[in-house]
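Have a look at the structure below, then the notes.
There are 2 protein chains.
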Amino acid sequence: MAPQLLSSGNFKSLFDSVDTFLFDCDGVIWKGDTLIDGVSQALDLIRSKGKNVVFVTNNSMKSRRQYAEKFKSLGLVSVTQEEILSSSFAAAMYLKINNFPKDKKIYVIGGEGVIEELQIAGYTGLGGPGDSEKKAEWKSNSLFEHDKNVGAVVVGLDPNINYYKLQYGTLCVRENPGCLFIATNRDAVGHMTDTQEWPGAGCMVSAMCGSTDREPIVVGKPSTFMMDFLLQKFQTETSRMCMVGDRLDTDILFGQNAGCKTLLVLSGVTSESNLLDKGNNIEPDYYTSSVSDITKLMDSP
Amino acid sequence: MAPQLLSSGNFKSLFDSVDTFLFDCDGVIWKGDTLIDGVSQALDLIRSKGKNVVFVTNNSMKSRRQYAEKFKSLGLVSVTQEEILSSSFAAAMYLKINNFPKDKKIYVIGGEGVIEELQIAGYTGLGGPGDSEKKAEWKSNSLFEHDKNVGAVVVGLDPNINYYKLQYGTLCVRENPGCLFIATNRDAVGHMTDTQEWPGAGCMVSAMCGSTDREPIVVGKPSTFMMDFLLQKFQTETSRMCMVGDRLDTDILFGQNAGCKTLLVLSGVTSESNLLDKGNNIEPDYYTSSVSDITKLMDSP
Numbered sequence: 040m041a042p043q044l045l046s047s048g049n050f051k052s053l054f055d056s057v058d059t060f061l062f063d064c065d066g067v068i069w070k071g072d073t074l075i076d077g078v079s080q081a082l083d084l085i086r087s088k089g090k091n092v093v094f095v096t097n098n099s100m101k102s103r104r105q106y107a108e109k110f111k112s113l114g115l116v117s118v119t120q121e122e123i124l125s126s127s128f129a130a131a132m133y134l135k136i137n138n139f140p141k142d143k144k145i146y147v148i149g150g151e152g153v154i155e156e157l158q159i160a161g162y163t164g165l166g167g168p169g170d171s172e173k174k175a176e177w178k179s180n181s182l183f184e185h186d187k188n189v190g191a192v193v194v195g196l197d198p199n200i201n202y203y204k205l206q207y208g209t210l211c212v213r214e215n216p217g218c219l220f221i222a223t224n225r226d227a228v229g230h231m232t233d234t235q236e237w238p239g240a241g242c243m244v245s246a247m248c249g250s251t252d253r254e255p256i257v258v259g260k261p262s263t264f265m266m267d268f269l270l271q272k273f274q275t276e277t278s279r280m281c282m283v284g285d286r287l288d289t290d291i292l293f294g295q296n297a298g299c300k301t302l303l304v305l306s307g308v309t310s311e312s313n314l315l316d317k318g319n320n321i322e323p324d325y326y327t328s329s330v331s332d333i334t335k336l337m338d339s340p
Numbered sequence: 040m041a042p043q044l045l046s047s048g049n050f051k052s053l054f055d056s057v058d059t060f061l062f063d064c065d066g067v068i069w070k071g072d073t074l075i076d077g078v079s080q081a082l083d084l085i086r087s088k089g090k091n092v093v094f095v096t097n098n099s100m101k102s103r104r105q106y107a108e109k110f111k112s113l114g115l116v117s118v119t120q121e122e123i124l125s126s127s128f129a130a131a132m133y134l135k136i137n138n139f140p141k142d143k144k145i146y147v148i149g150g151e152g153v154i155e156e157l158q159i160a161g162y163t164g165l166g167g168p169g170d171s172e173k174k175a176e177w178k179s180n181s182l183f184e185h186d187k188n189v190g191a192v193v194v195g196l197d198p199n200i201n202y203y204k205l206q207y208g209t210l211c212v213r214e215n216p217g218c219l220f221i222a223t224n225r226d227a228v229g230h231m232t233d234t235q236e237w238p239g240a241g242c243m244v245s246a247m248c249g250s251t252d253r254e255p256i257v258v259g260k261p262s263t264f265m266m267d268f269l270l271q272k273f274q275t276e277t278s279r280m281c282m283v284g285d286r287l288d289t290d291i292l293f294g295q296n297a298g299c300k301t302l303l304v305l306s307g308v309t310s311e312s313n314l315l316d317k318g319n320n321i322e323p324d325y326y327t328s329s330v331s332d333i334t335k336l337m338d339s340p
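Here the protein sequences line up with chains A and B, keeping their order. Going by our numbering, the first residue of the first sequence is number 40, and it counts up by one from there. Going by our numbering, the first residue of the second sequence is number 40, and it counts up by one from there.
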């Protein structure tokens, strides 16, 4: 069925059929460090009607703790760490669930959030921000050394990507037997600032695919890996969840893959013309301009 | 037919059937800045028998002029610029042949060689080594500006890859109407030093694919784009050429795509077990350990 524009005619039946609203963050709740207008009121209203609210973000730069701080700093003081699922957390959970040995190390191309989540899960992460200023130079008779005990490389969004990290990660994946290659997510671009889009984790992950000839295990959206945590936590069915996001190929596809209802907001990377373009084959159930529309529709007669 | 090990039994018929030997460089002629043993004698011998010698390299770090200097510095003094085809040159030729407007600019993720070849062809290259120390920071209310007059982004091997260059190239490809995305080549790794492999242009090119959701035009091997120059230059048939290389998926595939005879040398990235692995489906006509074997086989009774 073609996506329906959210309206006073269809809003109430959607709202009543949902127990848990899953929100993407970048482009839905905020753009960079700027809160999107009307988000705070809409979230308060949804909660006041007894609905659960969860934030599911592919952005792995921060840990769940750091995201809770960001919500607070933007005035969304009621959001707790337990309501946040980040792909940084998902990467650590993937290793834990798969009994990744605690004596093996993990090389990280990505932000502090991944390192912190690995540490909380009891693992040792190498690389990350600590390797941002390192140089890898081609010198005769000199060997670029890597830790043979690295058993997984986790790749996420890394604005400090460099050749040192790429060589380190590539050597681990190509030369350490059985080394896992895990991607937090593969978003092509994201609204890292309020003014424009920037290369996302898809850029760094694809770079590693290009040098290793390997495909990664993806733990973020549209993979439904994170859904297991949600189902366990809320003891609900996915059909009574609604995924609200700004990206078709991650958020909406994630919702569809999991069997949720889906609502696209046009406040992020997807425009109405992108959505309605003939070339697009990912169609949400509903779409609207912004999360703030929920407040308007709830108040409408 | 399964690849034949080069031997005194099959060498002379191969040698006599070929007018022009095409040599890859990294892993065939040199590793990093170290000449592979016996290469100089083998090249002299091939020339002394009246054969043409051409060097076809995917490594875009240098221009043809810079490669001629490298050959000289390694003692291969007879190699001229006209005998060298580099993917840096191929990128410039691709634009020239396709009448890329001289008033448009080209953003380069890659080395000085690409910038120099563009300049020789009459074009203005931006980026390259000049952007290696630049930082791209996510700041609120601040726009990362790019030149709207960039009509092509050329991506090659870049050991100084950074987020600034990736954001610049991504913005050009995504936002400048009709902007071309050209890859010098997509080698996963290469022997940039004598001791080990390093991420190749495939790494940087895939990074751009990941952020732009676009596939590039590839001008280096295994694309046969460079073959047109060779055919025009030597007025010969491709069946009387032999491509000598160390990579199956670039060199040998290039030779096969063009209809050349193919000889794999095991002095670079491909081992005999890689070659004979069941999973490999690119089979050269012949293989041998190193270019220096040509001297031994020529001298054998």
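From the three backbone atoms N, C-alpha and C, an ideal C-beta is built for every residue, glycine too.
**Message:** Please list, in chain order, the chain A residues whose beta carbon lies closer than 9 Å to that of ILE200 of chain B.
**Reply:** The answer, in chain order, is ILE200, ASN201, TYR202, LEU205, ALA246.
**Message:** Tell me whether the stretch 42 to 54 of chain A and the stretch 209 to 217 of chain A touch, counting them as touching only if at least three CB pairs, one residue from each stretch, are closer than 8 Å.
**Reply:** Short answer: they don't touch.
**Prompt:** Going by alpha carbons, who is nearest to VAL78 of chain B out of B:ILE321, B:TYR325, B:SER306?
**Reply:** With respect to the C-alpha of VAL78 of chain B, the residue from B:ILE321, B:TYR325, B:SER306 having the closest C-alpha is B:SER306.
**Item:** Residue nearest to LEU292 of chain A in terms of C-alpha spacing, selected from A:SER262, A:SER278, A:ALA129
**Value:** The shortest C-alpha separation from LEU292 of chain A is found at A:SER262.
**Cut-off 6 Å between Cβ atoms - residues of its own chain near GLY241 of chain B, not counting five sequence neighbours on either side** = The residues are ARG225, ASP226, ALA227.
**Prompt:** Does the distance from the CB of ASN97 of chain A to the CB of GLY294 of chain A come in under 9 Å?
**Reply:** Result no, Cβ atoms of ASN97 of chain A and GLY294 of chain A do not sit closer than 9 Å.
**Message:** Using a Cβ distance threshold of 8 Å, determine whether the stretch 212 to 222 of chain A contacts the stretch 158 to 173 of chain A, with at least three qualifying pairs required.
**Reply:** Because the criterion of three Cβ pairs below 8 Å is not met, the stretch 212 to 222 of chain A and the stretch 158 to 173 of chain A do not touch.
**Asked** Given that SER181 of chain B touches chain A, what residues does it touch there, using C-beta distances under 8 Å?
**Response** Simply THR232, THR234.
**Asked** Looking at C-beta atoms only, is the number of pairs between the stretch 59 to 79 of chain B and the stretch 99 to 110 of chain A that lie closer than 8 Å three or more?
**Response** The stretch 59 to 79 of chain B makes no contact with the stretch 99 to 110 of chain A, as fewer than three CB pairs between them are under 8 Å.
**Asked** Which residues in chain B sit within 8 Å of ALA175 of chain A, going by Cβ to Cβ distance?
**Response** For ALA175 of chain A, the C-beta contacts it makes with chain B under 8 Å involve PRO198, TRP237, in order along the chain.
**Item:** Nearest to TYR202 of chain B (by Cα), restricted to the options B:ALA175, B:ARG104, B:LYS187, B:LEU157
**Value:** Scanning B:ALA175, B:ARG104, B:LYS187, B:LEU157 for the CA closest to the CA of TYR202 of chain B turns up B:ALA175.
**Item:** Which of helix, strand or coil DSSP assigns to PHE139 of chain A
**Value:** In the structure shown, the three-state DSSP call for PHE139 of chain A is coil.
**Request:** Determine which residues of the stretch 240 to 264 of chain A have a Cβ less than 9 Å from any Cβ of chain B, and write them out in chain order.
**Result:** Those would be ALA240, GLY241, CYS242, MET243, VAL244, SER245, ALA246, MET247, CYS248, GLY249, SER250, THR251, ASP252, in chain order.
**Request:** Please confirm if VAL93 of chain B has its CB atom under 9 Å from at least one CB of chain A.
**Result:** So no, VAL93 of chain B is outside the interface.
**Prompt:** Straight-line CA distance for GLN120 of chain A to VAL93 of chain A?
**Reply:** Answer to the nearest angstrom: the Cα atoms are 10 Å apart.
**Message:** Can you tell me whether LEU44 of chain B is helix, strand or coil according to DSSP?
**Reply:** Three-state DSSP puts LEU44 of chain B in a strand.
**Prompt:** Comparing alpha-carbon positions, which option in B:ALA246, B:ASP142, B:GLU322, B:THR73 lies nearest LYS187 of chain B?
**Reply:** Comparing Cα-Cα distances from LYS187 of chain B to each of B:ALA246, B:ASP142, B:GLU322, B:THR73, the minimum goes to B:ASP142.
**Prompt:** Do you know offhand how far MET231 of chain A's Cα is from LEU314 of chain A's?
**Reply:** Each residue's alpha carbon lies about 21 Å from the other.
**Asked** Are SER99 of chain B and GLY259 of chain B touching if we call contact CB-CB under 9 Å?
**Response** In this structure, the beta-carbon distance from SER99 of chain B to GLY259 of chain B falls below 9 Å.
**Item:** DSSP state of THR96 of chain A mapped onto helix, strand, coil
**Value:** Three-state result, THR96 of chain A: strand.
**Request:** Return yes when the Cβ of VAL257 of chain A is within less than 9 Å of the Cβ of ALA344 of chain A, no when it is not.
**Result:** What is shown of chain A runs 40 to 340, which leaves residue 344 of chain A out entirely.
**Request:** For chain B, find out if any of its Cβ atoms is closer than 9 Å to the Cβ of ALA227 of chain A; answer yes or no.
**Result:** So, interface residue.
**Message:** Considering just the uninterrupted stretch of the alpha helix (DSSP H) at MET265 of chain A, what are its terminal residues?
**Reply:** Premise fails: MET265 of chain A is in no alpha helix (DSSP H) and is neither H nor E.
**Asked** Using a Cβ-Cβ distance under 9 Å, would ARG213 of chain B count as near chain A?
**Response** Interface residue, yes.
**Message:** Check for me: the alpha helix (DSSP H) holding MET247 of chain B runs from which residue to which?
**Reply:** 240 to 251 is the span of the alpha helix (DSSP H), which, as asked, contains MET247 of chain B.
**ILE154 of chain A (DSSP reduced to helix, strand or coil)** = Looking at ILE154 of chain A - three-state DSSP - the assignment turns out to be helix.
**Prompt:** Excluding five sequence neighbours on each side, which residues of the same chain lie with their C-beta closer than 6 Å to the C-beta of GLU156 of chain B?
**Reply:** Correct list, in chain order: SER102, SER127, PHE128, ALA131.
**Request:** Would you check if the stretch 318 to 337 of chain B and the stretch 78 to 89 of chain B touch, i.e. whether three or more CB-CB distances between them fall below 8 Å?
**Result:** In short, these stretches touch, since the Cβ pair count reaches three.
**Prompt:** In chain order, what residues of the same chain have a beta carbon less than 8 Å from the beta carbon of MET243 of chain A, not counting five sequence neighbours either side?
**Reply:** Excluding residues within five positions, the ones whose Cβ falls inside 8 Å are ILE148, GLY149, VAL194, GLY195, LEU196, ASP197, ILE200.
**Item:** Whole runs of the beta strand (DSSP E) within the stretch 101 to 146 of chain B, excluding any shorter than 3 residues
**Value:** Restricted to the stretch 101 to 146 of chain B, the beta strand (DSSP E) segments that are unbroken, complete and at least 3 residues in length are 123 to 125, listed in chain order.
**Prompt:** Could you give the distance in angstroms between the alpha-carbon of VAL153 of chain B and the alpha-carbon of GLY229 of chain B?
**Reply:** Those two C-alpha atoms are separated by around 18 Å.
**Request:** Please list the partners that GLY71 of chain A has in chain B, where partner means a Cβ-to-Cβ separation under 8 Å.
**Result:** Correct list: TRP177, SER179.
**Message:** Within a Cβ cutoff of 6 Å, which residues of the same chain sit near LEU219 of chain B, ignoring the five residues on either side of it in sequence?
**Reply:** Contacts found: ALA191.
**Message:** Rounding to the nearest angstrom, what Cα-Cα distance links ILE145 of chain B and LEU113 of chain A in this structure?
**Reply:** Their backbone Cα atoms lie some 41 Å apart in a straight line.
**Item:** Terminal residues of the alpha helix (DSSP H) in which GLY259 of chain B lies
**Value:** From DSSP, GLY259 of chain B is part of no alpha helix (DSSP H); its letter is neither H nor E.
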